[in-house]
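Participant:
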Amino acid sequence: MSDMSEQDRQLMEWLADMREDEALQLANKMLLEDGADPLRVLELCRNAMDIVGQRFSQGEYFLPELVLAGEMLQKIGAVAKPLIKQTAGGGQRKLAKVLIGTVHGDLHDIGKNIVTFMLDINGFEVKDIGVDVPVQTFIDEINGYAPDVVGLSGFLTLAFESMKETIAAIEAAGLRERMKIMIGGGQIDETVRAYTGADAFGRNAVDAVSLCKNWAVVAA
Amino acid sequence: MSAPAPDTPAAATGAAAKAAYDRRWQRILDCVALKTPERMPVVMYATFWLAKYAGITYRQLMYEYEMTREIAERAVLEFDPEAYNPMVLQSASGRALEAIGFKQLQWPGHGVRDDQPFQYLDREYMKPEEYDDFIFDPTGFYLHNYLPRVASAFEGFEELPHFPGLHYFRLVAGIRPFARPRVRAALANVMRAAEEVDRFVAQHTAFTERMTGLGYPCTNIATSIAPYDFIADYFRGARGMMTDLFRHKDKLLEALDKAAVFILRQTVASAKASGNPIVFIPTHWAPDAFMSEAQFRKFWWPSFRRVMIGLIEADLVPMPLWESDCTKRLEIIRDVPPGKCIYWFERTDMVRAFEVLGDVTALRGNLSPSMMTTGKPHEVDAAVRHLAENVFAKGGKLILDCAFGIPDETPVANVRAMFDAARKYAG
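Sequence lines, in order, name chains A and B. So for the first sequence, our numbering puts the first residue at 1; every next one is plus one. So for the second sequence, our numbering puts the first residue at 1001; every next one is plus one.
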């Protein structure tokens, strides 16, 4: 984004600095009063989210900032998206497709939702299939969506077995070679990764993004 | 390797059991007081693992009082710990939950399968615009808003009168809502639920009395909560709470101050009534990854510290379980009087915790869940040895346990290895 106005910079700064009221007011003014190009406003938002992601990676921001950033993005998107003309060009090309869900028996979703958000703002196409996802649903979704990466989430210790079963079923269905599988959640460590047969595990959303980016680079 | 003789044979009663009880409890108290106990205490914290141990379903464990008591007793006698958690209270709550119509959990037969543990439903149970009501009159908010939302037995309490402001003839007219059908039904439902809760707690009491008679102390009866976690988990929900740090921070701080007062009062009353000074406080939102140090110092720690200091001043022993990895918090949470607490760590490196906190607090934990559930007995043995040699033998007042009790899926052989290794490497 080369020709950035003072207003553009201001929007990005307020979004990145968690100044929600000011950022939303300005975005609404740009979209509804100034007639700004909604695609451009969304691009500014994405740039701001990049800064948020960087600050998260650097240990300056934590979960609360990610959640608030996600909500600000959602609110601006709700105003901007209906204004996008049908003739506008197609969406940005995504780095890779990621299918993500919490394995069967486990209902936790906070970590999964954060990972989904972080992957999304980092240029991945993400399909979140929810919590307590049966093995067969993962297989069906993989067949339909053809992801490059599958993310299995779980907070409880029972998730170890569910992850192992899910990965074994993916293997048995002959789908394992087509994708990388990452796992994550409160109790996940290298021991669990080895036990389940996943390719990698992540301790947080930054790890998940790094894993997916590395795999996307290798694939490209 | 031969296991050392237990403090008391399983069948011991009377004076021998009383002496064994006192020895076991003294080891725990020595740790709290930062004195070296005669051996490293090892405690048993089991909930749904008891079902695996006995080969029954989680649902049976939650619903069959007598069976759960029998299994818990068998487990304690077999593994001979210094102390055990209130197993019946923490496992056999199915009938009570059902009677109350508890909406914040899913449990076997109520949303999850018979072989799955109960799970909490993270939701927004209080809207941000309700902070003022909560802060002004927490009891009124509980009666009219919160209780009917979280437990169906209380549905109808919305119609109760607003008590403050009732006086003189207004008091007479003011109680008229008690005649309403929904209020009468709610009161009847709550009384019925309380009868089940009474049976449930009586089972717990009978179990702990029986174990006392056999020489085994319970680690704690009372529990408490950090004010931040109280608001985050049970009122605002994770997402709401995280955005409140920006959108409603002043209200949140006010609510935390208020909650710290009534949490402390309620905890002191229940701990004193139980006769056991140790107060178990599982913490949820303290971990390094969940908020910045500045946020932790501003929103999480001050109100929690006030609760802990209040408990200590009431001659109670706070035992927070610091969930997940709290390495970056160690220097901050050091700020408590020495010799008064037990800090139980889940994923924080125990050696590091000992280095920072060894002169301030007893430690508890923390064999990893992944190793306990998927590892082999020799790996458990090595992990216990590591803690015994690098923490206990170096002067750490360590009470050995798993990271957050025995994980539900742990093979019995690994639990045996844990207890055997504790005796082998630390008395």
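Glycine included, every Cβ here is placed at the ideal spot set by N, Cα and C.
#1: Take T87(A) and list the residues in its own chain whose beta-carbon comes closer than 7 Å to its own, dropping the five residues that flank it on each side.
#2: Any idea which residues DSSP pairs V133(A) with across the strands?
#3: Name, in chain order, the residues that DSSP records as bridge partners for A219(A).
#4: Give a yes or no on whether 8 Å exceeds the smallest Cβ distance from L1171(B) to chain A.
#5: Taking the continuous alpha helix (DSSP H) assigned at P1320(B), which residues delimit it?
#6: Can you pull the chain A residues whose beta carbon is under 7 Å from the beta carbon of P1407(B), in chain order?
#7: Taking the alpha-carbon positions, what's the N28(A) to G1237(B) distance?
#8: L15(A) CB to nearest chain B CB: under 8 Å?
#9: Taking CB distances under 8 Å as the criterion, tell me whether Q1119(B) reaches chain A.
#10: Tell me, please, which residues DSSP counts as bridged to L1084(B).
#11: Among G1240(B), E1323(B), I1175(B) and E1078(B), which has the Cα closest to the Cα of G1165(B)?
#12: Tell me, which residues are paired with Q1119(B) by DSSP?
#13: Is it buried or exposed for L32(A), if we count other Cβ within 10 angstroms and need 16 for buried?
#14: Counting contacts by CB-CB distance shorter than 8 Å, is N204(A) in contact with chain B?
#15: Check whether chain A comes within 8 Å of R1239(B), counting only Cβ atoms and requiring the distance to be less than that.
#16: Which one of F124(A), N143(A), E60(A) and F62(A) has the shortest CA to CA distance from R46(A)?
#17: Does any residue of chain B have a CB that is nearer than 8 Å to the CB of I84(A)?
#18: Check whether the Cβ atoms of N1366(B) and A1403(B) sit closer than 8 Å, and answer yes or no.
#19: Given a threshold of 16 other Cβ atoms within 10 Å of its Cβ, counted over all protein chains shown, does A1051(B) qualify as buried or as exposed?
#20: Is R1347(B) near S1324(B), with beta carbons less than 8 Å apart?
#21: What is the residue span of the beta strand (DSSP E) that T116(A) lies within?
#22: Can you tell me whether M1191(B) is buried or exposed, with buried defined as 16 or more other CB within 10 angstroms of its CB?
#23: Measure the C-alpha to C-alpha separation of E1130(B) and A146(A) and round it to an integer number of angstroms.
#24: Roughly how many angstroms lie between the CA atoms of K1424(B) and V98(A), to the nearest whole one?
#25: Applying the criterion that 16 or more other CB atoms from any shown protein chain within 10 Å of the CB defines a buried residue, is Y1065(B) buried or exposed?
#26: Work out the CA separation of N143(A) and R1385(B) for me, nearest whole Å.
#27: Starting from the beta carbon of M18(A), find every residue of chain B whose beta carbon is closer than 8 Å, and list them in chain order.
#28: Just to confirm, is the Cβ distance from L1097(B) to L1089(B) under 8 Å?
#29: Are the C-beta of P1320(B) and some C-beta of chain A separated by less than 8 Å?
#30: Give the interface partners of G101(A) over in chain B, defined as CB-CB distance under 8 Å, in chain order.
#31: Pull up the DSSP beta-bridge partners for P1282(B), would you.
#32: For chain A, check one thing: does any of its Cβ atoms lie closer than 8 Å to the Cβ of P1369(B)?
#33: Of all the options M1242(B), S1093(B) and H1110(B), which has the alpha carbon lying nearest to the alpha carbon of A1202(B)?
#34: Have a look at the DSSP bridge pairing and note the partners of D128(A).
#35: With a threshold of 16 other CB atoms inside 10 Å of the CB of T1267(B), please say whether the residue is buried or exposed.
#36: Using only CA atoms, which one of A1232(B), R1184(B) and T1057(B) lies nearest to Y1125(B)?
Facilitator: Reading off the structure:
#1: Note that T87(A) scores a pLDDT of 49, beneath 50, so its modelled location is shaky and nothing firm can be said.
#2: V103(A)
#3: Partner(s): none; A219(A) has no beta bridge.
#4: Under the 8 Å criterion on CB atoms, L1171(B) is classed as non-interfacial with respect to chain A.
#5: From DSSP, P1320(B) is part of no alpha helix (DSSP H) but of the beta strand (DSSP E) over V1317 to W1322.
#6: Under the 7 Å cutoff, chain A gives T157.
#7: 28 Å
#8: no
#9: At least one chain A Cβ lies under 8 Å of Q1119(B).
#10: For the record, residue 1084(B) in the displayed sequence is Tyr; it is not Leu. Residue pairing by DSSP places Y1084(B) opposite M1044(B) and C1218(B) in a beta bridge.
#11: Closest by alpha carbon: I1175(B).
#12: Q1106(B)
#13: exposed
#14: yes
#15: R1239(B) counts as touching chain A.
#16: Minimum Cα distance to R46(A) is reached at F124(A).
#17: no
#18: yes
#19: buried
#20: yes
#21: Careful: T116(A) lies outside any beta strand (DSSP E), inside the alpha helix (DSSP H) at I110 to I121.
#22: exposed
#23: If you take the alpha carbons of E1130(B) and A146(A), they lie about 45 Å apart.
#24: 48 Å
#25: Around the C-beta of Y1065(B), 16 or more other C-beta atoms lie within 10 Å, and the residue is accordingly described as buried.
#26: 47 Å
#27: F1246
#28: no
#29: no
#30: Per Cβ cutoff of 8 Å: no residues; G101(A) is ~16 Å from chain B at best.
#31: According to DSSP, which records beta bridges pairwise, P1282(B) is partnered with L1321(B).
#32: P1369(B) counts as touching chain A.
#33: S1093(B)
#34: I100(A)
#35: Only buried fits T1267(B), as 16 or more other CB atoms lie within 10 angstroms of its CB.
#36: Looking at A1232(B), R1184(B) and T1057(B), the one whose alpha-carbon comes closest to that of Y1125(B) is A1232(B).
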